[in-house]
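*Asks:* This is the structure I want to talk about, given as structure tokens.
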Amino acid sequence: DAGVIQSPRHEVTEMGQEVTLRCKPISGHNSLFWYRQTMMRGLELLIYFNNNVPIDDSGMPEDRFSAKMPNASFSTLKIQPSEPRDSAVYFCASSFRDGYEQYFGPGTRLTVT
Amino acid sequence: LAKTTQPISMDSYEGQEVNITCSHNNIATNDYITWYQQFPSQGPRFIIQGYKTKVTNEVASLFIPADRKSSTLSLPRVSLSDTAVYYCLVGERGFQKLVFGTGTRLLVSP
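These protein sequence lines are chains F and G, in that order. According to this note's numbering, the first sequence holds residues 963 to 1075 in order. According to this note's numbering, the second sequence holds residues 83 to 192 in order.
Structure (structure tokens):
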């Protein structure tokens, strides 16, 4: 298996623009997670899905952030409008049944100027 | 969620054994102890998980005393490529919401 796939790997955008991050989980995994990592705040869980249904979005920082999982093989994290403080590395992870062993993607490095 | 405490950083040399201890005084009966490893510019990677006593796999060993209030990740004969951040997490098996602390930054030198 190719592992968790994220795109784009790098994104540079201007403040106010919409940003969409994409994730393809490992086939057969039924849980998907979105994390954000910064030097100041470390690795934070934003939202996770189980069987395509959002279970906990308490980590989503603001209404500017939204996530969808239309099917078992695809998820998006959207930021609209983006702000400089959203600059971070965004990771997607997936797991099969038990959530303890999560497989992380390579991340998307987002820079908002 | 049980709070975990681990050293911020550790230094070692190639070929040495490295032991990273994590404190989790409020661990609950149903909680498991899990360790992840994160290399620079990569996502975290699951290393090992245990409930009690000792667990060993091809990467590391995990030692958990009887009171389970702490655990020690042991990396045998480290190499330069083991330089990474190591996270200790505690939660119920199957618990989805992993909370990553600051981790332990291990630097292995020649």
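C-beta atoms are modelled at their ideal positions from N, C-alpha and C, and glycine is treated no differently.
Since Ile115/G is in the beta strand (DSSP E), which residue starts that stretch and which ends it?
*Replies:* Note, Ile115/G: beta strand (DSSP E), 113-120.
*Asks:* Answer with yes or no whether the minimum CB distance from Gly125/G to chain F is below 8 Å.
*Replies:* It does; some Cβ of chain F falls within 8 Å.
*Asks:* Output needed for Asn1013/F: all residues of its chain with C-beta closer than 6 Å, excluding positions within five of it in sequence on either side, in chain order.
*Replies:* The answer, listed in chain order, is Asn992.
*Asks:* Identify whether Pro89/G lies in helix, strand or coil by the three-state DSSP scheme.
*Replies:* Residue state, collapsed to three classes: coil.
*Asks:* First and last residue of the beta strand (DSSP E) that includes Glu1006/F?
*Replies:* Where Glu1006/F is concerned, the enclosing beta strand (DSSP E) stretches over 1004-1012.
*Asks:* Residues of chain F with CB under 9 Å from Thr184/G, in chain order?
*Replies:* Here the neighbours are Gly1004.
*Asks:* Can you tell me whether DSSP reads Asp1019/F as helix, strand or coil?
*Replies:* Coil.
*Asks:* Measure the alpha-carbon distance for Thr184/G versus Ser989/F and round it to whole angstroms.
*Replies:* If you take the alpha carbons of Thr184/G and Ser989/F, they lie about 30 Å apart.
*Asks:* Please check if any C-beta of chain F sits within less than 8 Å of the C-beta of Phe128/G.
*Replies:* Yes, contact with chain F.
*Asks:* Taking Cβ-Cβ distances shorter than 9 Å, what residues in chain G pair up with Asp1048/F?
*Replies:* Near Asp1048/F there are no residues of chain G at all, since even the closest Cβ is about 19 Å away, more than 9 Å.
*Asks:* To the nearest angstrom, how far is the alpha carbon of Gln1042/F from that of Asp1048/F?
*Replies:* Gln1042/F and Asp1048/F: Cα-Cα distance of roughly 11 Å.
*Asks:* Inspect the beta-carbon positions of Ile146/G and Ile102/G and report whether they are closer than 8 Å.
*Replies:* Result no, Cβ atoms of Ile146/G and Ile102/G do not sit closer than 8 Å.
*Asks:* Could you spell out where the beta strand (DSSP E) holding Ser969/F opens and where it closes?
*Replies:* Unbroken beta strand (DSSP E) run through Ser969/F: 967-969.
*Asks:* Out of Gln98/G, Pro89/G, Lys85/G, which one is the CA nearest neighbour of Ala110/G?
*Replies:* If we check each option's Cα against that of Ala110/G, Lys85/G comes out closest.
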